[in-house]
Structure formats: structure tokens, C-alpha cells
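Notes follow the structure.
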Amino acid sequence: MTPTRRTCEYTGMRTFLSVCFGLVGILSAGHVAAQEPKPSGATLPAVTLGSTETRTISSKVLSRDFQISISLPWSYRITQKRYPAVYILDADLGFGLAHTAYQASQLDGNVPELILIGIGYGIDISSAFSTWSTRRTQEMTPSAAKDYPGSGEAAGFSRFIREELIPLIDANYRTDPADRTLAGTSFGGLFATYVMLQTPSPFQQYIVRSPSLWWDDRTMFTLENAYSGKHRDLPATMFTSMGSAETDQMMSTWKEFVAVLTKRQYDGFRLITTTIQGAKHATAGAIALFDGLKAVFGGWPVDAEMLDRYVGRFVLPGNEIITIAREGQGLSADWNGKRKLNLLARAPAKFAFTTGEAELLSGEKDLLPLVGLQYIDFRGSGRRPVESITIHQNGKPIVAPRAK
13 MTPTRRTCEY TGMRTFLSVC FGLVGILSAG HVAAQEPKPS GATLPAVTLG STETRTISSK
73 VLSRDFQISI SLPWSYRITQ KRYPAVYILD ADLGFGLAHT AYQASQLDGN VPELILIGIG
133 YGIDISSAFS TWSTRRTQEM TPSAAKDYPG SGEAAGFSRF IREELIPLID ANYRTDPADR
193 TLAGTSFGGL FATYVMLQTP SPFQQYIVRS PSLWWDDRTM FTLENAYSGK HRDLPATMFT
253 SMGSAETDQM MSTWKEFVAV LTKRQYDGFR LITTTIQGAK HATAGAIALF DGLKAVFGGW
313 PVDAEMLDRY VGRFVLPGNE IITIAREGQG LSADWNGKRK LNLLARAPAK FAFTTGEAEL
373 LSGEKDLLPL VGLQYIDFRG SGRRPVESIT IHQNGKPIVA PRAK
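First residue of the sequence shown? That's 13 in my numbering, and the numbers climb one at a time after it.
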């Protein structure tokens, strides 16, 4: 491994850190300005994120502790439904950004309600950057490179997530085991790609930003080739991105890996790629998180003919009516004339509701029952209009036949 690669990784993360601190400063500036001046040297309370909590887990697999940050959707306390879970790598650096990206995207109706799980170390990066950088290099790399002592622990880190962390989260939070996403950038993107090629993987979706696919003489290409020799399917959705101003090494290896995945034509594999124009390494990873969440949770392409099959009026218990209508290349649902809700395609016949925060913020109590909505399954035969829909609300299915 060349010193240039080490410098690229380190410098990129330093830039990302500066971006995050800048965002914190912007977001908190109004609050600080409103306070009375404090005496020099006074200790002020730390900034906290709403709707979040923290746990510490001691890993028996790796014999070390992890600090786990959890962001719960605003409707969590008043519903019984299960939520998709998004696991965020590098939480010491990027959990605040992920929390903000999710809330902004949810308010705009681009994603359904989610539970975020940040995997971190509880390290103050501003004073212990080298310690943090060394540990993530150890745990997120799939092979030991001679220029990086201690690297190559991805197999153990993956075991920790699969055998210790996910069972803990599923036992304590209402997550949907069939709807897990792993998100990482840089070495985190490398690790997420590695996990995707494990069999079986506990995740169904991956948000892979600016992955360091150059690692150890492109060992990920070797791993992917070995996977392709044994498998014709890859049941996953992968969003992956790269900044147009990143190094030639980052861009060229990423483009080549995307080309390899495209050529394989794995059954069940959905690949979404984008280039963040004008962005360098760290900035590209930050910006792409918004695009990744939207792509994974609301970007499934459904052709117009199929969408038209779903349009119609359906009768709910109590003779309430839900009306499904075309909205451009998507669908909306009018719930008995109370509210028109956007529907996000999670699969060709499965559409998620974008209810939750907007309903809670509106203050209209008659809309609160809609917060428990999760998704709609459309079922039908042939190319005819679907005969009924199944609405999942608070984890319970509600069948609604087409109105005659």
C-alpha cells in the first residue's frame, strides 16, 4: 500500500469532520445567540439530538465496546408498527448528519419512517482522531494490508453486527427484520460492499458512498469474483455514489467495480449509481446520504402500465374509502377524503406510506390514526386492474376490495 492512499483516507475524513462541525455550527448559531453571555471558562451543556438514545454494548466477538446511537421516528411512542432499520457506520462522525438527513427527507415525503442505528466507539474525534481512524481501519477492511498494522478485521466486525448487535436491536425496538439497510462511506463503503457479498447477509439494502475499493490491491474485486463463481443471484438493492472531484484512483476503481456488477446480471440485484458533481471525497459522502435514502426507500421503478392497474377506489372496513391515484410516475392515496398521502415504491407491488412526522406536527387529532400506516400490498392476476389491496397498519393487515 502506498503512503498516498493512507493520506487520501486521512485527509478525506479530516475534511468530512470539518463539514460536520460546520453544519453543527450553522444549526446551533441561533440558539447560542439567544443566550446570556457566560463567564470565561464556564461549562455549557452539550448539544443533544431529539428522539435519540445511546447504548453501550460489549462485544464478545471482538473483545471491545461499541457505543450505539438510536434515532427513533416521532411516531414510535404512539404506534405499534414496525419500522425499517438503517445501520449507520462511523457514527462518531456521521450519526448527527444521518439523523438530520433522515428527518429532512421524511418531512419532504421522500422516505417512510425509519429507525437509525449508529455504530460508533464513543470517541471524541476532535481530540482523538488518530485513535478513531486506527480502529475503523482495523474493523472495516476485509484483508490485512502491510502498510496498515492491525487491518483486516472485517470478518469479525461483520460477526459482531450479525450475532450481537442486530439481535440486541431487534429485541428492544420494533424493527422489521425483512427491511434492514447498511450505510457507509469511504472505508465504511468498502465494508458495506464486503457485507453484501457475504452469504447469508442480514441486510437487504446498501447505501455505499465513495467506497475505498482500491484497498489492498483491489481485494474487493477478488472477493466479488469468488462470489460470482458460486452464486447467480444477489438479493439486494445497492445505491452507490462517487464525487466527480475525487482522486483518479477512487473514481476509476469505483467505475470498474460498477461495470463488473452490471455485467454479472445477478438475479434479484438492483443497482443504483450516481456521481456527485464537483464534490471531493468527504463532501460527496455527506451529500450522497440524502440521495441514498431516497433511492433505497422510494426509488423502485414501476412502469406506467403496472401503476395504472393499481388506480381505483377500495373499500375499507366501516365503508371508508381509500382512493389510489396516479401522481406522475408514482401513486397517492386519499384516505376517505381526510388526507392525500404519497406512496413510495419499495418493490413493484409494495408501496410505503409517508405518514408520521407531518401528521404529528399538524396537530390535527383526526389524522393521528394515519400515523400507524406502514405500506400497501397490491395483489392481482394478469394485466387486469388489481382486485384488492392489503394495507398494513400497526403491523396488522387490512384487506380492502375494489369498490364496485
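Glycine included, each C-beta is placed from N, C-alpha and C at the ideal position.
- In the three-state reduction of the DSSP assignment, V398 falls in the coil class, being assigned neither a helical nor a strand state.
- By the criterion of at least three beta-carbon pairs nearer than 8 Å, the stretch 274-282 is not in contact with the stretch 316-324.
- In the three-state scheme derived from DSSP, where H, G and I count as helix and E and B as strand, W266 is classed as helix.
- Contact check between the stretch 304-316 and the stretch 115-126: three or more CB pairs, one atom from each, fall below 8 Å, which counts as touching.
- Counting every other CB atom within 10 Å of its CB across the protein chains shown gives I90 a total below 16, marking it as exposed.
- Close CB contacts of F302 within its chain, under the 7 Å cut and outside five residues either way in sequence, are with A113 and S117 (chain order).
- Remark: C-beta atoms of L246 and F215 do not approach each other more closely than 7 Å.
- Inter-residue distance for H243 and P381 is about 44 Å (C-alpha atoms, whole angstroms).
- The distance from the Cβ of S83 to that of T66 is about 11 Å, inconsistent with a contact at the 8 Å cut-off.
- Taking all protein chains in view, the Cβ of V59 is surrounded by fewer than 16 other Cβ atoms within 10 Å, so the residue is classified as exposed.
- Scanning its chain for C-beta atoms nearer than 6 Å, with the 5 sequence neighbours on each side dropped, one finds around K93 the residues G384, Q386, N406 and G407, in chain order.
- Cβ-Cβ distances below 7 Å link D182 to P189 in the same chain, with the five nearest sequence neighbours on each side left out; the list follows chain order.
- S155 and G168 do not touch by the CB rule: their CB atoms are close to 13 Å apart, not below 8 Å.
- With a cutoff of 7 Å on beta-carbon distance, G297 and S222 are scored as near each other.
- Taking each of F251, T55, R192 and Q150 in turn and checking the Cα distance to Y99, the smallest one comes out for R192.
- DSSP places V59 in no beta strand (DSSP E); its state is neither H nor E.
- Annotation: the continuous alpha helix (DSSP H) that includes Q115 extends over A103 to L119.
- Each residue's CA atom was taken as its position, placing P212 and T252 some 21 Å apart.
- Inclusion of Y206 and M250 in the CB contact set at 7 Å is not warranted, their separation being larger than that value.
- Judged by beta-carbon spacing, L202 lies within the 7 Å limit of W227, meaning their Cβ atoms are closer than that value.
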